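Asker: My structure is below; once you've seen it, I'll send some questions.
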Amino acid sequence: MRQFVLYYALALCTATQPGKPAAPPKFIYATKNEVKQQLAAAKRRLDANATDVRAKHAVAKILRALGDIDGDATARNVGFENATAAWARAAHVDVEGAVHYALRRGDHAEAQRLIGERLREVPDCQIALELRALERRAFGDNAAASKFYDEAAERATGAARNPALLRSALGRAANGDVEGAQRVFEDLCQGSDDAEAWREYGFFLDERMGDRARAVAALKRAVRLDPSEGQARAQLAKWGALDDETDRTARLDDAYVGGLFDQFAASFDETLVEKLGYRGHLQCAAVLSKALEDVELNADVSVVDLGAGTGLCGAPLRKVLAPKTPHITAVDLSTRMLERCAERGDHDAVVEGEAVDHLRRLPADSVDIIVAADVLAYIGDCAELFGEAHRVLRAHGRLVFTLEEGDAGFGLGPGGRFVHSEAYLYDAAAAAGLRVVALDRGPMRSQGGAPVVALIAALGPVSSQDVEAHFSARPADASRLRLANSRMFGTNGAYASVRARIGDTRRILDLRTSGEAAEWCGAHIASTRRRMDRASTVAPSSRASTVETIETQDSTTEAH
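For the sequence shown, position 551 matches number 1312 in this note's numbering, and the numbering has no gaps at all.
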């Protein structure tokens, strides 16, 4: 099994150009040697200056990220007795982080000590009071937690007031003081443009007051204030209360998605696989196997597993790609899910980040396979992901993914997740210069006792060979395209418009030509592209409309 530990790639430990802020730190996984190197860099700074606050903070952040995995051992490697001792040196810089670290370890005594020290120094410290409330809540004492949240709210001023009031309201609700929570929420939301406050008020109204109508109004207010408010939009979609098309199609906020999976990381596999029968990882592997039947991959197969979660795709991917030994990188928004992924040991590297952002950082033509099992249900519009996938995929590369099937276009479905139609899949792929290589349809999991039917697709870059093959089978199309090209590029440019991906070609036509010929050729290429995609290798039963037919579908494929 591959050995991983978590470390913090710190801008704090690296030099930056004068006047330019350090890039935001990112959690990533690496080997233990790399962790030691990061810690050693911070330790050298401490040796040079024992009061270097940023270096102390750096060490604490790394060890906080390590948690119970290897925190104490790593701390000793750089001269600390244990991880807690390292935190103690940095607690005055980040008492909040130190308390969270102690609570994560279940060390309530250490958390209380840190909070007590801060309150002795600053008796009215709002943050320390909220941390005391947090510690009491973690201990199960909701009454004491509510008391400390109220005290913190009384001391809060300026920009800190609204967040403190929100925590006070939530603390009262958790303690069963519904009327008190209602009063605080009304005070908080009176004339407020705080989307988070309106969102939490909406959930409170529904769950504690039983007032669905006012809850819908509050959640809609949250969405109007912040269109990226994922939790409110997802809940409105579940209630069938999303009226605006923009609200239905706008992307869910990354923080919402990452936080959602952080909450369920510990029980994710048990809930999703064992209880809901999830098999998207197996379906992606099966479709990938079909899509690679006529492809000879390089020895150094590069695989990117987007939205890898706990690492379910790792083992099936290795089985499909055997006897090759691929390098598989897992990417996910959730730190907790990535910890589980690393423990599973089927990935070579694990990176915390958003799927499209990660692809943007990769060089062109650098990846053989991209997998996105149950990912686009949280992204919605596939355009950016498909476009970046086309850029980074090698000539025979494959993008494999699942889509929960919807009736038309895409948008948030009744489950609070995005659904996509088959027609949208073809159009979005074509617009990015990708073609559908393989497509299946089948139940991916259950929800409310009913199967959730998904499209499982493999896409590949459109090549000039694909276009030549299409026109060879359709001479009339070829002669018409030659005529259009000769008008625009001259007779020697007959296939200039299909040397690069067709999406680029349409932009070339728009930039280099004008008039009827350009419009006709652009429209003709778009039409041809859709027909080419539909002529790809597709399981003959994939158009089946019933689950019973899907479950018995033939595994053979035919070319139209």
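Every residue, glycine too, gets a C-beta built ideally from N, C-alpha and C.
Given the structure is predicted, the values throughout are model-derived calculations rather than measurements.
Put L1037 into one of helix, strand or coil per three-state DSSP.
Answerer: coil
Asker: Is the region 968-981 in contact with the region 1137-1144, if contact means three or more CB pairs nearer than 8 Å?
Answerer: As far as the Cβ criterion goes, the region 968-981 does not touch the region 1137-1144, which means the pair count is below three.
Asker: Whole angstroms is fine: what's the gap from D885's alpha carbon to E957's?
Answerer: 26 Å
Asker: Can you confirm whether the region 984-1002 touches the region 1157-1176 when touching is taken to mean that 3 or more C-beta pairs between the two stretches lie within less than 8 Å?
Answerer: yes
Asker: Would you mind reading off the limits of the beta strand (DSSP E) that contains L1173?
Answerer: 1171-1173
Asker: Indicate whether the contact test is met: 3 or more Cβ pairs, each with one atom in the region 1034-1051 and one in the region 1102-1118, closer than 8 Å.
Answerer: Segments in contact, no.
Asker: Tell me the rounded alpha-carbon separation between L864 and E871.
Answerer: 8 Å
Asker: Less than 8 Å between the beta carbons of V1197 and Y1185, yes or no?
Answerer: For V1197 and Y1185, no; Cβs fall outside 8 Å.
Asker: Under a three-way DSSP split, which group does H1151 fall into?
Answerer: helix
Asker: Return helix, strand or coil for I1089, following the three-state DSSP convention.
Answerer: In the structure shown, I1089 falls within a strand segment according to DSSP collapsed to helix, strand and coil.
Asker: Let me know if P1124 comes out buried or exposed under the rule of 16 or more other beta-carbons within 10 Å of its beta-carbon.
Answerer: exposed
Asker: From the DSSP secondary-structure annotation, give me the bridge partner or partners of G1221.
Answerer: Per DSSP, R1196.
Asker: Below 8 Å on the Cβ atoms is my contact criterion, and I expect A942 with A930 to pass it. Report the Cβ-Cβ distance as a whole number of Å.
Answerer: 5 Å
Asker: Under DSSP, the alpha helix (DSSP H) around H1119 begins and ends at which residues?
Answerer: 1116-1121
Asker: If you follow the alpha helix (DSSP H) that H1108 is part of, which residue opens it and which one closes it?
Answerer: It is not in any alpha helix (DSSP H) - H1108 carries neither H nor E in the DSSP assignment.
Asker: To which residues does DSSP link V1161 through a beta bridge?
Answerer: V1132, A1219
Asker: Per DSSP, what kind of secondary structure is D955 in: helix, strand or coil?
Answerer: coil
Asker: If you draw a straight line from the C-alpha of S989 to the C-alpha of E1115, how long is it?
Answerer: 15 Å
Asker: If you reduce the DSSP assignment to three classes, tell me which class M1205 lands in.
Answerer: strand
Asker: Name the two residues that bound the continuous beta strand (DSSP E) containing L1067.
Answerer: 1063-1067
Asker: Taking R975 as the reference, which of R960, L1013, D987 has the closest Cα?
Answerer: R960
Asker: Using 10 angstroms around the beta-carbon of H1042, count the other beta-carbons present and answer buried if the total reaches 16, otherwise exposed.
Answerer: Buried, since its Cβ has 16 or more Cβ neighbours within 10 Å.
Asker: Within 10 angstroms of the Cβ of H1108, are there 16 or more other Cβ atoms? Answer buried if so, exposed if not.
Answerer: buried
Asker: Report back the beta-carbon spacing between V1132 and V1064 to the nearest angstrom; my notes put them in contact at under 8 Å.
Answerer: 7 Å
Asker: If I measure Cβ to Cβ from F965 and keep anything under 7 Å in the same chain, skipping five residues before and after, which residues do I get?
Answerer: A934, A942, F946
Asker: State the Cα-Cα distance for the pair G877 and S1095, rounded to the nearest angstrom.
Answerer: 31 Å
Asker: In the DSSP assignment, the alpha helix (DSSP H) including V1018 goes from what residue to what residue?
Answerer: 1015-1025 is the extent of the alpha helix (DSSP H) around V1018.
Asker: Mapping the DSSP letters down to three states, classify A1189 as helix, strand or coil.
Answerer: helix
Asker: Give the C-beta separation of E1165 and A1215 to the nearest angstrom, bearing in mind that I take them to be a contact with Cβ-Cβ under 8 Å.
Answerer: 5 Å
Asker: Please look up how many angstroms separate the CB atoms of N923 and D948, rounded, as I've assumed it's under 8 Å.
Answerer: About 10 Å; that fails the 8 Å criterion.
Asker: Report the rounded CA-to-CA distance for A1046 versus A802, giving the unit in angstroms.
Answerer: Across the structure, A1046 and A802 are spaced so that their CA atoms are roughly 41 Å apart.
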